[in-house]
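Numbering (the working numbering), first residue to last: 94 to 393.
The structure appears below as structure tokens.
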């Protein structure tokens, strides 16, 4: 058996946490993946994995070998990708994580356009609003909407994300239009549960910061769920224009507190730090930066 095949099987088993998931990713049978790892252990004359009926864990020797194997495989993949990048064509599987609402509405059309230009790339897209562990869960990159904190990951800004406070005309007619952030405490606010500062909205005006606690009777971990609730008259929401823009244009929602600027966010492509970035990831990130740009198309 080829040593590189054995190493790739071993690394994939560790990253996926099971032989069956590794087999799915590599397109081979679990029995063959098990043989690859067993052959590797026999050649090294050491146990790399501790297996039970329920768990799979690295031995001390296995952990050290895993780190070296993963780096070697990265270097090989990057070397091949660099050669492929010279012709601006890439191939392989691109595993992406992205927020739910943004992914459905805006990312999937971008992926279709990207694959038209790069037909050799297969995309596996996972959508959820939680912050995934890119390395542990085996993603090539993730899209994140945030004020990015320092981390061991590399991030490239793709475009700005503008937030607005808005509500339905029906709600504003019944409960009034807030004239300052402080008045939000007297309103029904619909809150995004994955927001870093719980039940807190932040604004800036003329260099002065306003941070207010909001009272909500409805919380959700998805922006579109909050948008639907706001359109139905449920209260005020603080959401990105890529979610509420069309409803504002259609008159279903009305922006308020427009003299105040909510905390600025950006869309980032985030990936694990490596000396060389694979061609498929590099091409996709460059494509998205041009596709969305500093003035994204969903802004009026």
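A virtual CB, placed ideally from N, CA and C, is assigned to each residue, including glycine.
It should be emphasised that the depicted structure is a prediction, and the values quoted were computed from it without experimental measurement.
Query, Result
"In its own chain, which residues sit with a C-beta less than 8 Å from the C-beta of residue 99, not counting the 5 before and 5 after it?", "129, 130, 132, 133 and 136"
"If I follow the unbroken beta strand (DSSP E) through residue 315, where does it start and stop?", "Element bounds for residue 315: n/a, residue is neither H nor E."
"State the DSSP-derived secondary structure class of residue 300, mapped to helix, strand or coil.", "coil"
"Tell me, please, which residues DSSP counts as bridged to residue 285.", "313"
"Relative to the C-alpha of residue 183, which residue among 202, 166, 161 and 208 is closest?", "208"
"Quick check on residue 332: buried or exposed, where buried means 16 or more other Cβ atoms within 10 Å of its Cβ?", "buried"
"Please name the residue, chosen from 353, 357 and 379, that lies closest to residue 363 on a Cα-to-Cα basis.", "379"
"Figure out for me which residue from 228, 392 and 97 has the closest Cα to the Cα of residue 256.", "392"
"Run through DSSP, which three-state label would residue 324 get?", "helix"
"Using the C-alpha atoms, what's the distance from residue 111 back to residue 123?", "9 Å"
"Rounding to the nearest angstrom, what Cα-Cα distance links residue 144 and residue 229 in this structure?", "19 Å"
"Only counting the same chain, and skipping five residues up and downstream in sequence, which positions put a Cβ closer than 8 Å to that of residue 328?", "260, 264, 280, 281, 282, 283, 309, 310, 311 and 322"
"State the DSSP-derived secondary structure class of residue 343, mapped to helix, strand or coil.", "coil"
"Please report how far the alpha carbon of residue 297 lies from the alpha carbon of residue 355, in whole angstroms.", "6 Å"
"In angstroms, rounded to a whole number, what distance separates the CA positions of residue 399 and residue 190?", "What is shown of the chain runs 94 to 393, which leaves residue 399 out entirely."
"On the CB-based measure, 16 or more other CB atoms within 10 Å of its CB, does residue 351 come out buried or exposed?", "exposed"
"Determine the direct distance from the alpha carbon of residue 138 to that of residue 199, and round the result to whole angstroms.", "51 Å"
"Under three-state DSSP, which class holds residue 270?", "coil"
"Let's test the definition: count the other Cβ atoms within 10 Å of the Cβ of residue 313 and tell me whether it reaches 16, buried, or not, exposed.", "buried"
"Report the rounded CA-to-CA distance for residue 390 versus residue 117, giving the unit in angstroms.", "38 Å"
"Going by C-alpha to C-alpha distance, which of 346, 325 and 106 sits closest to residue 258?", "346"
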